[in-house]
Amino acid sequence: MYQFLLNYRSTPHSITTVPPATALFGRSIRNKLPSVTKTLPDMKYINETIDTADQSAKCKRNEYADKRRHARIPQLAVGDCVLVRQEKQNKLTPHFDPNPYTITAVKGTMITATRADHCITRNSSHFKLFTGGATNQGETSDNKVEGRNENAREREKCSC
Numbered sequence: 001m002y003q004f005l006l007n008y009r010s011t012p013h014s015i016t017t018v019p020p021a022t023a024l025f026g027r028s029i030r031n032k033l034p035s036v037t038k039t040l041p042d043m044k045y046i047n048e049t050i051d052t053a054d055q056s057a058k059c060k061r062n063e064y065a066d067k068r069r070h071a072r073i074p075q076l077a078v079g080d081c082v083l084v085r086q087e088k089q090n091k092l093t094p095h096f097d098p099n100p101y102t103i104t105a106v107k108g109t110m111i112t113a114t115r116a117d118h119c120i121t122r123n124s125s126h127f128k129l130f131t132g133g134a135t136n137q138g139e140t141s142d143n144k145v146e147g148r149n150e151n152a153r154e155r156e157k158c159s160c
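Residue numbers for the sequence shown follow the UniProt record's numbering, beginning at 1 and rising by one.
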């Protein structure tokens with residue numbers, strides 16, 4: 001077991017290209033693995049090399065994970081009017097509460113929104129940007145015009 005650990009610690013790491021023993025002790029340790037002897041650079045240079053290699057590997061890993069998860073930059077900001085997902089009561093209940101909220105605080109994916117005297121905090125996945133163009137299907141043309149005017153007034157109220 002000790003021989004295995006000695007060989008492992010003297011083998012260069014795949015990302016940092018520096019053996020763990022060299023990074024820890026500042027010198028190469030003697031082992032039975034064949035290698036070309038060379039003078040080691042300054043410990044400061046070794047640490048800088050390790051840091052830059054580590055940062056580039058982390059960046060590459062994060063980009064890959066974001067690409068695989070289809071990560072996007074959040075589209076919601078403070079002052080936006082949003083609709084909040086609501087619990088289904090029956091099959092006629094809409095997915096989102098039709099009365100809009102205004103976003104007051106954003107901290108990562110946690111969003112706080114207020115409406116009149118009601119304040120809620122939810123994950124950003126529970127919110128949808130309010131466009132104000134939705135009307136009911138069974139309305140007459142006069143009611144549709146009034147609905148648009150009400151939606152325009154509602155948008156004006158929401159725009160902070």
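Glycine is no exception: its CB is placed at the ideal position from the N, C-alpha and C atoms. Just so it is clear, the structure is predicted and the values come from calculations on it, not from any experiment.
Residue state for Phe96 is assigned as strand, using DSSP reduced to three classes. Spanning the alpha carbons of His126 and Ala113 requires a straight line of approximately 11 Å. Of the other Cβ atoms in all chains shown, fewer than 16 fall within 10 Å of the Cβ of Cys59; this residue is therefore exposed. Ala65 carries a helical assignment under DSSP once its states are collapsed to helix, strand and coil. From the listed residues Ile50, Val84, Arg68 and Arg122, the smallest Cα separation to Phe130 is found for Val84.
Beta-bridge partners of Tyr101 (DSSP): Val82. Residue state for Phe4 is assigned as helix, using DSSP reduced to three classes. Taking Ala57 as the centre and dropping the five residues before and after it, the same chain places the C-beta of Ile15 closer than 7 Å to its C-beta, in chain order. Apart from sequence neighbours up to five positions away, the residues of its chain that approach Thr102 with a beta-carbon distance below 8 Å are Gly79, Asp80, Cys81, Val82, Ala113, Thr114, Arg115, Cys158 and Cys160, ordered along the chain.
The beta carbon of Asn31 sits closer than 7 Å to the beta carbons of Leu6, Asn7 and Ser10 from its chain, once the five residues preceding and following it are set aside; these are given in chain order. The beta carbon of Asp54 lies closer than 7 Å to those of Ile15 and Thr16 in the same chain, with the five residues before and after it left out. Counting only residues of its own chain and dropping the five nearest sequence neighbours on each side, Thr121 has a CB closer than 6 Å to the CB of Thr112. In this structure, DSSP gives Phe25 a helical state, which the three-state scheme calls helix. In the DSSP annotation of this structure, the continuous segment of the beta strand (DSSP E) that includes Leu129 starts and ends at Phe127 to Leu129.
Distance from the CA atom of Cys119 to the CA atom of Ile73, rounded to whole angstroms, is 25 Å.
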